[in-house]
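Heads up, the final residue of the sequence shown is numbered 225 in the numbering used here, and it's a clean run with no missing numbers.
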Amino acid sequence: MGEIAVNIDSVKKELPHGVKLIAVSKTKPPETILEAYKAGQKAFGENKAQELVYKHESLPKDIEWHMIGHLQTNKVKYIAPFVQLIHAVDSLKLLKAINSEAIKNHRVIDCLIQVKIAREETKYGLSFNEVIAILNSSDYAGLSNIRVTGLMGMATFTEDIDQVRKEFRELNLFFHQLKKVYFADKPYFSEISMGMSDDYPIAIEEGATMVRIGSNIFGNRIYI
Ligand SMILES: *Cc1c(COP(=O)(O)O)cnc(C)c1O
């Protein structure tokens, strides 16, 4: 077995039933992704629209492509025909853009709302109040071709495990509050995407349904 297959195996062994592995393949070439694919991995995450398109074109068509990074509204059209799930929706404007492109492609596109849970200053993600304002808006009510299937978050980059756990727990709590108030009759609202290579075991303990793991599978990324 190759190294990547071994890594996927050992990560998967740690995932309880119901937790899905998104293999984060950003910066990795198609040949490397193919190795993971041959080891049985079918869901991959990328954080750049162009890279997602290029890899979708060069790789088997039964791969599920997840957009996990910040998405600009003018890039939605490139991934709308095939994307499985957009993890990091952080504005109503983006949700509307996804809806328009979904209509053009005769699809319904699943989205997660990115919530800011980290203590550190991060560029992306919405506050709890901002999420609620979107869900209450009439604009949101009129979006026919998107489904908000859950929430996504990233914890503070810190050695302080208690802090990380607290942030994941807050996201889980918020998810359940929203489910009760806004999605009680919508069983598809069921996903919490949280946890990366360094903190996914904690995320799972705190209720993650999807973990996004890159370096533990593919090794460290080299940015040029
Ligand atoms: C890169 C990335 C990951 C994976 O990070 P690793 O530490 O390599 O596992 C997960 N989520 C997002 C949003 C990312 O950009």
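By construction, the Cβ of each residue, glycine as well, lies at the ideal position given by its N, Cα and C atoms.
Our two residues, Asn-100 and Lys-180, have alpha carbons roughly 21 Å apart in a direct line.
Shown here, Gln-85 sits in coil according to DSSP, grouped into three states, outside any helix or strand. Out of Asp-111, Ser-145, Glu-15 and Ala-40, the CA that lies nearest to the CA of Ala-89 is found in Asp-111.
Secondary structure of Asp-186 (DSSP, three-state): coil. Distances from the CB of Gly-220 to the heavy atoms of ligand 1 are all 7 Å or more.
Under DSSP, Lys-21 takes part in a beta bridge, and its partners are Met-211. Here Pro-31 is not near Lys-62, since their CB atoms are 8 Å or more apart. Pairwise C-beta distances place the segment 159-172 out of contact with the segment 132-143, as fewer than three of them are shorter than 8 Å.
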